[in-house]
Structure formats: C-alpha cells, structure tokens
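Taken in order, these protein sequences are the chains called A and B. Residue numbering for the first sequence follows our numbering, beginning at 1 and increasing consecutively. Residue numbering for the second sequence follows our numbering, beginning at 112 and increasing consecutively.
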Amino acid sequence: MSNKTIRAGLIDALNQLMRLADGCSDPNQAFELNIKIRELFQKLDRVIVARLESNTPEFEQALVSLDELTKQATVALDDASKVAATIAKAAEAVGKIEKLVVGVAGILAIL
Amino acid sequence: MKRSLIGLIAAVLMAGCTSTPSDQIAAFGQTTNAVTDHVDAVLNEFNEATIERGFTDLAANYTGDFAQRFDQQLLKDINKPITAKQQKQLAIYRANKALGDYATSLAELANARLRVDVDVASANLYGAMTSFNKHYQTIKGNQKALFDDSKVANIQAAITAIGSEVAEQRRRQAVKAIIIAAKDNIDLICDEIIKQLTHSGIEDGIRLSRKYILDKQIAEYRRLSAKKSSKLKWRTDEVRRLWLLQQALFHSKLLVQQSIKAIEEVKQAHQVLASEVAHDAFSSVAISNAIGRLQYLNKHFNDFEEFLASCDSTATDSDGVLSCE
Chain A
1 MSNKTIRAGL
11 IDALNQLMRL
21 ADGCSDPNQA
31 FELNIKIREL
41 FQKLDRVIVA
51 RLESNTPEFE
61 QALVSLDELT
71 KQATVALDDA
81 SKVAATIAKA
91 AEAVGKIEKL
101 VVGVAGILAI
111 L
Chain B
112 MKRSLIGLIA
122 AVLMAGCTST
132 PSDQIAAFGQ
142 TTNAVTDHVD
152 AVLNEFNEAT
162 IERGFTDLAA
172 NYTGDFAQRF
182 DQQLLKDINK
192 PITAKQQKQL
202 AIYRANKALG
212 DYATSLAELA
222 NARLRVDVDV
232 ASANLYGAMT
242 SFNKHYQTIK
252 GNQKALFDDS
262 KVANIQAAIT
272 AIGSEVAEQR
282 RRQAVKAIII
292 AAKDNIDLIC
302 DEIIKQLTHS
312 GIEDGIRLSR
322 KYILDKQIAE
332 YRRLSAKKSS
342 KLKWRTDEVR
352 RLWLLQQALF
362 HSKLLVQQSI
372 KAIEEVKQAH
382 QVLASEVAHD
392 AFSSVAISNA
402 IGRLQYLNKH
412 FNDFEEFLAS
422 CDSTATDSDG
432 VLSCE
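Here's what the structure looks like:
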C-alpha cells in the first residue's frame with residue numbers, strides 16, 4: 001500500500017509537469033523540465049518494483065515534496081514566471097525520493 | 112455391409128468428437144500454462160514501455176540547440192526497470208512460474224501413455240510442488256509450507272499406484288489425488304498473483320510511459336505536418352500510427368485487468384475440477400464449461416473489444432484509458 005501513495009504522488013506530479021513542458025514557450029526551461037520529467041520517471045520505475053518502508057521521515061518528506069511539486073506545477077500552468085520555481089521543486093522532489101529508494105536498491109525486489 | 116460401414120464411420124466420428132477425461136485435464140493444464148505466459152508478458156510490457164519511453168525522451172529533447180548535449184551517458188541511463196535477474200526474484204514471477212509448472216505437469220500426466228511418461232510427469236509434479244512451497248515461503252516471508260510432507264507423500268503414492276501399465280482408471284485416481292490436494296494451494300497462489308497484479312502499479316508504469324510517448328510523437332507530428340512540403344500519404348500514415356499508439360494507451364489498464372480475470376478463471380476452473388473429481392466425475396458439463404471459459408479467454412487474450420464486451424460496465428479516465436468495472 002505504501003508504494004501506492006508515493007506512486008500516486010509521482011503520477012500526479014508527472015502529469016502536471018508534462019502539461020507544463022508541452023506548453024512552455026522558453027526552450028531552455030522546457031528542456032530543463034523534460035530532464036526533471038525523466039528523473040521523476042526513473043524514480044517511478046524504481047518505486048513500482050520496490051517495497052518501500054512507509055514509517056520513516058523520508059517517506060513523509062517525499063510525499064509532501066511531491067504534493068508541493070504538483071501544486072507548484074499547477075500554478076505555473078497559468079503563470080510562466082513560476083516555471084523556474086517548479087523546476088527547483090522538481091529537483092527537490094527527485095532528491096527526496098532518491099533518499100527513499102536508495103536503501104532498497106539491489107534488495108530483493110518483491111512487488 | 113453398407114449398414115456396418117455407416118456404423119463404423121459413425122463410431123469413428125463419435126470417437127473424434129468426444130473429449131476424454133484426460134483431454135479435459137490436459138486442456139486445463141495447457142491453457143493455464145498459456146495464461147501464465149500472458150502474465151509474464153505484462154511484466155515484459157512494463158520493461159518494453161519503459162525502454163521505449165527512454166528512446167523517445169532522448170530523441171524528442173536532444174534536438175536543435177540541445178543536440179550537442181546528447182552523449183553516451185544518456186544512453187547508458189536507459190534501463191529496463193526489471194532485469195532478467197530481478198524478474199526471477201519478483202513475487203509475481205515466482206507465483207506465476209509455480210502455477211505454470213503445476214499446470215504443465217498435470218497436462219503431462221493426463222497425456223502420459225507410457226510408464227516412462229508417467230515417471231517424467233511425476234518428477235515434474237514433485238518439482239512443481241517443491242517450488243510451490245519455496246516460492247510461497249519467499250512471498251510470505253515465513254516457513255509455512257503450502258504442501259506439507261504428508262500431502263506430497265499422498266500424491267507420490269497415487270502416482271506410484273498407476274503402476275507399470277498405464278490404465279486409465281489408475282491415472283484418473285492419481286489425477287484426482289493431485290487436484291484435490293492442490294486445490295487450496297492453487298487458490299492461494301492465484302490470489303497472490305491477483306494481489307500482485309492489482310497493487311504493483313505495473314499498469315501505471317505502462318500507462319504513463321505510453322502517454323509520454325504519444326505526447327512527444329504528436330508534438331513531432333504537429334511540427335512536421337505544418338510544413339507545406341508534407342505529403343498527404345505521409346500524414347495519413349503518421350495519423351494511423353498515432354492512432355495505434357493512442358489505442359495502446361487506452362488499453363493499458365485492460366492489459367493488466369485481463370490477466371487478473373484470466374487468473375481468476377484458472378482458479379475457478381481448478382475449483383470446479385477439484386469438486387467434480389472428488390465425486391469421480393472426470394468428464395462433466397461443469398468441467399467442460401469451466402475449461403471452455405478459460406480457453407475462450409485465452410484465445411481472445413489480446414482482443415480488448417471482446418474483453419470490454421464482457422464487463423458489467425466500463426470507465427474512462429481523463430486520458431481516455433479504459434477500465435473494466
């Protein structure tokens with residue numbers, strides 16, 4: 001169950017970021033957004049095949065970070081000046097999830 | 112003479128149309144094994160969709176001013192989320208393999224005509240049951256065995272009783288002992304596969320990768336079709352290709368749901384088999400119906416229209432992804 005929550009958070013964030021990247025008029029920002037999308041996708045791939053421990057501060061921080069990212073991306077859809085902040089939020093979320101999955105990397109992956 | 116010839120033809124035709132108990136057990140085993148292949152295919156599709164997403168990502172984003180940033184490290188980062196080694200450690204893979212091994216061995220025993228075939232099938236069944244225990248203990252993380260020693264001993268005794276001459280009656284008794292002993296275990300293994308398919312998130316992985324690919328492909332089509340030099344034939348071919356990609360996106364969830372339904376059918380068919388053979392009914396309408404449903408589902412596995420038609424109702428999410436409710 002615990003994976004489902006992080007997974008849902010990642011899916012929501014990715015959906016919003018993909019919308020944002022599609023409509024982004026600044027090529028450099030669009031490129032940066034696409035890099036963050038790739039990194040979040042890579043985290044999603046890991047989350048799907050790993051069993052995560054949900055009773056940790058890292059888990060809670062990752063959830064909060066993903067929620068903030070989705071909200072930030074939603075705001076940026078209507079306000080291009082918020083795209084840079086969204087990219088920074090995405091980088092933060094990637095880091096939080098990395099902390100979460102780093103411990104399970106290479107461990108027997110039971111779905 | 113003419114009458115006896117007609118009688119002979121009728122007898123031959125009837126023999127050809129009648130399914131023997133062994134045929135039905137073998138059909139269950141073979142179809143179940145095919146279903147387990149479909150479950151494996153879902154895992155493979157998750158890998159394939161992820162890899163394809165990686166290719167599309169690099170091809171779509173490293174163009175124009177960013178093309179020079181393309182390097183080997185980017186290619187190196189494209190990986191299958193489930194390696195072949197990891198796959199063998201996954202609970203769903205282990206449970207599915209155990210089910211497939213059992214089904215294959217049961218079909219072998221049902222088809223055995225010579226003592227040597229019985230011996231092979233017997234050894235395989237023993238191996239399948241041992242792996243049942245091993246896989247189940249790994250999945251549950253405890254030492255509780257699915258088949259205890261006395262169950263395995265009973266099954267072995269039933270197979271040994273078939274004797275050197277493979278008489279149908281003795282083979283039936285062996286098959287009966289095996290199916291009844293395995294009933295609860297098959298239920299548990301099927302439940303485990305269904306649980307893993309339901310909660311793993313594989314369908315999310317496949318769906319989102321397919322959506323990403325379609326988004327990028329449409330963006331590229333928009334760019335290229337805006338050129339006056341683009342030809343109608345090329346645009347038509349591209350639109351057809353994009354439509355197929357979109358259909359695949361719409362069907363992402365059904366891929367997993369259909370596997371779940373197929374495993375449910377395997378479980379039900381095995382329950383019917385166990386219930387019928389317990390009363391020494393090796394060939395019955397109930398068995399035919401249960402195996403028939405399983406065979407039909409397997410035959411139409413990739414026919415999503417057919418699958419949707421069998422649903423009580425269908426739902427569509429904001430991306431157009433269909434699901435059977």
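Built from N, CA and C at the ideal position, the CB exists for glycine as well.
query	result
Residue-chain proximity (B/Phe415, chain A), Cβ-Cβ < 8 Å	no
B/Gln135 vs B/Ile371 beta-carbon contact at 8 Å	no
Cβ-based neighbour list, B/Tyr332, same chain, cut-off 7 Å, excluding 5 preceding and 5 following	Glu349 and Leu353
C-beta contact flag for B/Asp295 and B/Lys378 at 8 Å	no
B/Arg224 at chain A interface by Cβ criterion, 8 Å	no
Residue-chain proximity (A/Leu41, chain B), Cβ-Cβ < 8 Å	It should be pointed out that residue 41 of chain A corresponds to Phe in this sequence rather than to Leu. Yes - at least one Cβ of chain B is within 8 Å of the one on A/Phe41.
B/Ser340 versus B/Lys327: straight-line alpha-carbon distance, rounded	21 Å
A/Leu52, enclosing alpha helix (DSSP H) - first and last residue	Where A/Leu52 is concerned, there is no enclosing alpha helix (DSSP H), given that its DSSP letter is neither H nor E.
Within-8 Å CB hit, A/Ile97 to chain B	no
Below-8 Å beta-carbon distance, A/Ile87 vs any chain B residue	no
Cβ of A/Leu108 within 8 Å of any chain B Cβ	Residue placement at A/Leu108 cannot be trusted, given a pLDDT of 38 that sits under 50; what the coordinates show is reported in the next sentence. Chain B, which has a Cβ nearer than 8 Å to the Cβ of A/Leu108, makes this yes.
Whole-angstrom distance between B/Ile398 and B/Ala121, CA atom to CA atom	Confidence at B/Ala121 is low in this model, with a pLDDT of 39, below 50, so its placement is unreliable and the value that follows should be read with caution. So the alpha carbons of these two residues sit roughly 25 Å apart.
Test: B/Gly211 CB closer than 8 Å to a CB of chain A	no
Test: A/Leu44 CB closer than 8 Å to a CB of chain B	yes
Complete beta strand (DSSP E) runs within the region 385-431 of chain B (minimum length 3 residues, chain order)	425-427
Beta carbon proximity, B/Thr330 to chain A, threshold 8 Å	First, the residue type needs correcting, since residue 330 of chain B is Ala and not Thr in the sequence shown. Cβ-Cβ to chain A under 8 Å: yes for B/Ala330.
Alpha carbon of A/Gln29 to alpha carbon of B/Asp315, nearest angstrom	27 Å
Any chain B beta carbon closer than 8 Å to A/Leu14	yes
Helix, strand or coil at B/Cys435 according to DSSP, with G and I counted as helix	strand
When B/Glu159, B/Leu169, B/Ala145 and B/Phe181 are compared against B/Thr194, the one with the closest alpha-carbon	B/Glu159
Alpha-carbon spacing of B/Gln197 relative to B/Tyr204, whole angstroms	10 Å
Secondary structure, alpha helix (DSSP H): runs of 4+ residues fully inside the region 192-249 of chain B	195-198 and 202-222
Residues of its chain near B/Val123, where Cβ-Cβ distance is below 7 Å and the 5 sequence neighbours each way are ignored	Because B/Val123 carries a pLDDT of 38, less than 50, the predicted location of this residue cannot be relied on, and the following value inherits that uncertainty. Closer than 7 Å at the Cβ level, and outside the excluded window around B/Val123, lies no residue.
Reduced DSSP category for B/Tyr173 - H, G, I as helix; E, B as strand; rest coil	coil
Cross-chain neighbours of B/Phe177 in chain A, by beta carbon under 7 Å	Phe31
B/His310 (DSSP reduced to helix, strand or coil)	helix
B/Ile313: contacting residues in chain A (beta-carbon distance under 7 Å)	Ile48
Chain B contact for A/Asn34 (CB, 8 Å cutoff)	yes
Between the CA atoms of B/Ser434 and B/Lys364 - distance to the nearest angstrom	6 Å
Contacts around A/Asp12, its chain only, beta-carbon distance under 6 Å, and the 5 residues preceding and following it disregarded	Thr70
The region 407-415 of chain B contacting the region 142-154 of chain B, beta-carbon criterion three pairs below 8 Å	yes
For B/Val388 and B/Ile290, believed in contact at Cβ under 8 Å, the rounded distance	5 Å
The region 179-186 of chain B / the region 214-225 of chain B touching (three or more Cβ pairs under 8 Å)	no
Rounded straight-line distance, which links the Cα of B/Asp423 to that of B/Arg114	Bear in mind that the predicted position of B/Arg114 carries a pLDDT of just 46, short of 50, making it too unreliable to give a figure here.
Chain-ordered neighbours of A/Asp22 on chain C, where CB pairs are closer than 8 Å	Given the protein chain composition of this structure (A and B), no chain C is represented.
Assigned secondary structure, B/Leu116 (DSSP; H/G/I helix, E/B strand, else coil)	In this prediction, B/Leu116 scores a pLDDT of 46, lower than 50, which makes its location untrustworthy; no coordinate-derived value is stated.
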